Amino acid sequence: ISLDISDAFRVNKSCGFVHNTTPYEFNTFCWIMHPGRQKNADFLYICISNGVNYEKKGLYRKALQTYYKTNLTAIQEVNDSLVTIKVDEEKYVQTQKQKALEETDYGYSQQKYEQGVISKLDLIQKKENLLDMDKLLTSNKVDCLVDYIGLYKSVGSKL
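Take 1321 as the starting number for the sequence shown in our numbering and just add one per residue.
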């Protein structure tokens, strides 16, 4: 393309250009570089409206949308982790209460066995129930700890 400086001004009326290494700036910033600084030379001009190239403006918007989507995903992951922790901790507290009731029941069963009211088999079944509650309580505690690890990962920390 062979353009004259006046042609560049007709393309975009308020342009600045680099001529003899002195930039002249106006509202819309336009660089016109020409080899050898000849009047009728090949010009490479990049018109930037309000400081942003139109082609790059789309890329910036796309990058910004990706950034917003990444932020939204990160917030959702943290929120999901917090909800999971809350639910599993409530389940753990309920299991602790059930275990306390099973311990009380086992204590009463031991007294009944010593008095001869129940058989050894009944006492063993109560002990089995108590051990099952211990197992469930331990499982719930492990779930809570795994949830904390998930929260740690979702906030961006590495293990």
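Cβ atoms here follow ideal geometry from the backbone N, Cα and C, with glycine treated the same way. As the structure is a computational prediction, the values presented were derived from the model and not from experiment.
Item, Value
"Distance, Val-1403 Cα to Tyr-1476 Cα", "Sequence inspection shows Gly at residue 1476; the Tyr mentioned does not correspond to that position. Cα to Cα, Gly-1476 sits roughly 17 angstroms from Val-1403."
"Residue interval of the alpha helix (DSSP H) (run including Ser-1474)", "1440 to 1474"
"Cβ pair Leu-1456, Thr-1415 closer than 8 angstroms", "yes"
"Ser-1401 (DSSP reduced to helix, strand or coil)", "helix"
"Stretch-stretch touch, CB-based, cutoff 8 angstroms, three pairs: the stretch 1464 to 1476 with the stretch 1439 to 1455", "no"
"Closest Cα partner of Ser-1429 within the set Asn-1449, Val-1413, Asp-1467, Tyr-1387", "Asn-1449"
"Euclidean distance between Cα positions of Lys-1419 and Thr-1386", "49 angstroms"
"CB-CB length for Tyr-1468 against Ile-1395, believed under 8 angstroms", "Rounded, the Cβ-Cβ distance is 18 angstroms, inconsistent with contact."
"For Gly-1427, the three-state DSSP class (helix, strand or coil)", "helix"
"Backbone secondary structure at Asp-1408 - three-state DSSP", "helix"
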